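Reviewing the structure listed below.
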Amino acid sequence: MWHSPATPDAAQTGRRVPVVAVALATVTMLAVIDGLSAPHFIILGTLTTGPCLAAGSGRPRAVLALGAYVLVLINVLSWGPDQIWGSDRHALFNVVAVLATGVGMGIAHQLRAVERARESAENERRMLAAIVAHSDDAILAATTDGRLTAFNGGAERLYGYSAADVVGLTLPAFGDLVIPADAPGPSIDELRARIVGGEPGVRFDSRRKHRDGTVKDVSVAVSPVRDEHGAMVGVSWVIRDISAQRRAEELAQRSQRMASLGQLAGGVAHDFNNILGIMLSFTAFAEENSTDPDVRADLAKARLAGERAVGLTRQLLTFTRQDTTHPEALDLNSGIAEVCAMLTRTIDKKIELIARTAPEPLMIYADAGQIQQILLNLAVNARDAMPDGGTLIIEATEAEPDGDHPDLPPAPAGGRYIRLLVSDTGIGMSAEVAARVFEPFYTTKPKGSGTGLGLATVYGIVTEAGGSINVYSEPELGTTFRVYFPAAPAGTPAVPAPAAAAAPPDGGGRTVLVVDDEPELGDAVARILRSGGYRTLSARGGAQALALDAVRDYDLLLTDIIMPGMSGRRLAATIQESRPDLPVLYMSGYSDGLVGDGGRLDDEIAFIEKPFTADQLLTRVGAMCRPGLPARHPAARSSTAPVATG
76 MWHSPATPDA AQTGRRVPVV AVALATVTML AVIDGLSAPH FIILGTLTTG
126 PCLAAGSGRP RAVLALGAYV LVLINVLSWG PDQIWGSDRH ALFNVVAVLA
176 TGVGMGIAHQ LRAVERARES AENERRMLAA IVAHSDDAIL AATTDGRLTA
226 FNGGAERLYG YSAADVVGLT LPAFGDLVIP ADAPGPSIDE LRARIVGGEP
276 GVRFDSRRKH RDGTVKDVSV AVSPVRDEHG AMVGVSWVIR DISAQRRAEE
326 LAQRSQRMAS LGQLAGGVAH DFNNILGIML SFTAFAEENS TDPDVRADLA
376 KARLAGERAV GLTRQLLTFT RQDTTHPEAL DLNSGIAEVC AMLTRTIDKK
426 IELIARTAPE PLMIYADAGQ IQQILLNLAV NARDAMPDGG TLIIEATEAE
476 PDGDHPDLPP APAGGRYIRL LVSDTGIGMS AEVAARVFEP FYTTKPKGSG
526 TGLGLATVYG IVTEAGGSIN VYSEPELGTT FRVYFPAAPA GTPAVPAPAA
576 AAAPPDGGGR TVLVVDDEPE LGDAVARILR SGGYRTLSAR GGAQALALDA
626 VRDYDLLLTD IIMPGMSGRR LAATIQESRP DLPVLYMSGY SDGLVGDGGR
676 LDDEIAFIEK PFTADQLLTR VGAMCRPGLP ARHPAARSST APVATG
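Read in order, the letters of the sequence shown correspond to residues 76 to 721 in my numbering.
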């Protein structure tokens, strides 16, 4: 360990004061001897040694004062006992005293400059020693033959050994303690040989082991230590713990991958949802028109498969944060009760389900469907981890997690939180598996039994809601997921549950302009609308829709968002320049282009997500066409331009 020497101020003062005192005593003693001696015994010249002696103190003012004292003594003694006042000898003694004082002051100035330079160097050395001793980086020093001579506090924290434990060890012996067998980078012997061989320094990344067995990522810099003459006298090692930096880099890379995946998923979802919409719509038409039970059963299976594909697509969009959310004030207690009621009917009887909720409402702002998705995903994972039965606990409480929580990504910002715990007594996970459970497409389930998106979706939902999540698990002991949601302000009322859906209103002959660049999907939408009592106009893109707008009248614009040439948003804006009161309903496989901050739809935008059912479409269109609006028939404003009606 580096140790700073005691401050030299007291010692320097002790050295200076005796020097001046000795000089003063010497001059006084010589003057007394001269005064007590016979008149012919004159030793006034020896008094001039006083300023020369005082020069050793390095204090020019002390030398000057002592020189003045000597001049006074010379003149007093020349007048008195010696009786040489006014003689050449009197003048000579005065000149010699002045010269001696001047020389002494010069020597004192030089000594003071040297002393100050030494003090400055000593202060700098002490400062450097303090910096080294208290540095967060581990700093070690070794002799050229490879024996540890210094070990700072940073090294003690990094390795878990004290300086007393390791100083004096050879570098290979120390390396056996702290370097894992699979650590990358050159060996200690190779490094020492390279430095002793003349390399100015070596830098590399590696891993180092703490005394408790923890392995950390480190950056290592090895350099020669040289004396004032340039000769190498040792080797220094600076090791920096970069584990947090590595984690940050991995998170940044993961975020970049998620962003890329999100863009890819959004584009794929749009086209895939269009295809699913066509499949599900025409499957439903075939089911309605078929009287053969076997055919209807086959069609029902096809429809169920399509609905599973819809769920998977929405899960992918939720994970990549491209799905629309409708956050509202929710009581987490109610969400747990609903999911537990569902699980009670479906979960294996060998699994005991325990729900623990708070007596008071636990209000959060979140999308109700997404909260249910979190609970179901975590519960299903717990169920799968207990093939032979066990206990599943779902619990919600208030909590105030610490803002500095390295194992709780993203770290909570502080304040009141609602904590959701989902625990099981299942087979558990290893630390390696637990570290990857939130990665997309990572699954430990057999091929065909899982997509690897369940927990990734949970992570996406939680972080989008401003929350945090972590997992603790041990093999054969079970797993606990902790989810933290920011609590809604005290007294926030819950949004009332929606009333049971009523039958869609009849279209009453109102006309809807349907714009979609997918002809089959546009035909399916028009067919659904006609079955609900609407008239339809169909356009295959923005240009054809504007042509229809110029010659036909209609009550509602129903348009896809993403279309080649002209987007649905631009089409609606163009039409509403002349018809500002025209209601517009957007439809899309995902809501890119309509979302505001946080991935949420603006309140004034009407949107229906593909694929949708006939009832969902008719209900939404019925709400857009105001009840007091008179029905209109598609009468031509002009005989020009073709008309595509359904």
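Backbone N, C-alpha and C fix where the C-beta goes; we use that ideal spot for every residue, glycine too.
In this text the structure is predicted, and so the values were computed from the model without any measurement.
Check, Outcome
"Cβ-Cβ distance between V297 and I270 below 9 Å", "yes"
"Whole-angstrom C-beta distance between V189 and T123, which should lie under 8 Å", "That pair is no contact at about 24 Å."
"For D109, the nearest candidate out of N150, G142, V94 (CA to CA)", "N150"
"Spatially closest choice to R690 from P579, P594, R644, by CA coordinates", "Looking at the sequence itself, residue 690 is Asp, so the reference to Arg does not match. Ranking P579, P594, R644 by Cα distance to D690 puts P579 first."
"Under the three-state DSSP convention, the category F116 falls into", "coil"
"Identity of the residues DSSP links to P561 by a beta bridge", "Y492"
"At least three beta-carbon pairs within less than 8 Å, the segment 490-497 to the segment 416-423", "no"
"Segment limits, beta strand (DSSP E) that includes T124", "Run containing T124: none in the beta strand (DSSP E); it sits in the alpha helix (DSSP H), 124-129."
"Check whether L119 and D163 have beta carbons under 9 Å apart", "no"
"Short Cβ contact (9 Å threshold) for F347 with G643", "no"
"Contact check, L530 vs L588, beta carbons under 9 Å", "no"
"Option in M202, L233, G608, V455 with minimal Cα separation from V696", "G608"
"Proximal residues to L405 (C-beta, below 8 Å), its chain only, five neighbours per side dropped", "M438, I439, Y440, A441, A443, I446, A569, V570"
"Cα-Cα separation, V293 to R286", "15 Å"
"Bounding residues of the alpha helix (DSSP H) (the contiguous stretch that carries T466)", "No alpha helix (DSSP H) contains T466, which is instead part of the beta strand (DSSP E) from 465-474."
"Under the three-state DSSP convention, the category F682 falls into", "strand"
"Alpha-carbon to alpha-carbon, I182 and L252", "56 Å"
"Alpha carbon of D656 to alpha carbon of A359, nearest angstrom", "34 Å"
"Bridge partner(s) assigned by DSSP for T554", "D499, S548"
"From I117, A474, V546, residue whose alpha carbon lies closest to that of E507", "V546"
"Option in T555, K685, V241 with minimal Cα separation from N456", "T555"
"Through-space distance from R222 to T245, alpha-carbon basis", "4 Å"
"Local conformation of E435 per DSSP, three classes", "coil"
"Cβ-Cβ separation, R491 to E475 (assumed contact under 8 Å), whole Å", "6 Å"
"Residues sharing a beta bridge with T634, DSSP", "V590, Y661"
"Residue range of the unbroken alpha helix (DSSP H) whose run includes I750", "There is no way to answer for residue 750, as the model of the chain reaches only from 76 to 721."
"Inter-residue CB distance, A460 and I502 (contact presumed, cutoff 8 Å)", "5 Å"
"Residues bridged to F226 [DSSP beta-bridge criterion]", "L215"
"Environment of R136 [buried if 16+ CB atoms lie within 10 Å]", "exposed"
"Residue-level contact to chain D via CB, G640, 9 Å cutoff", "Of the chains in the structure shown, none is chain D; there is only one protein chain."
"Buried/exposed call for D635, threshold 16 Cβ in 10 Å", "buried"
"Cβ shell of W160 (< 6 Å), same chain only, five flanking positions each side left out", "S153, W154"
"One or two residues paired with F687 in a DSSP bridge", "Answer by DSSP bridge pairing: none, since F687 is not bridged."
"N- and C-terminal bounds of the beta strand (DSSP E) containing V295", "290-301"
"Best match in V313, T121, A509, A648 for proximity to A208 [C-alpha to C-alpha]", "V313"
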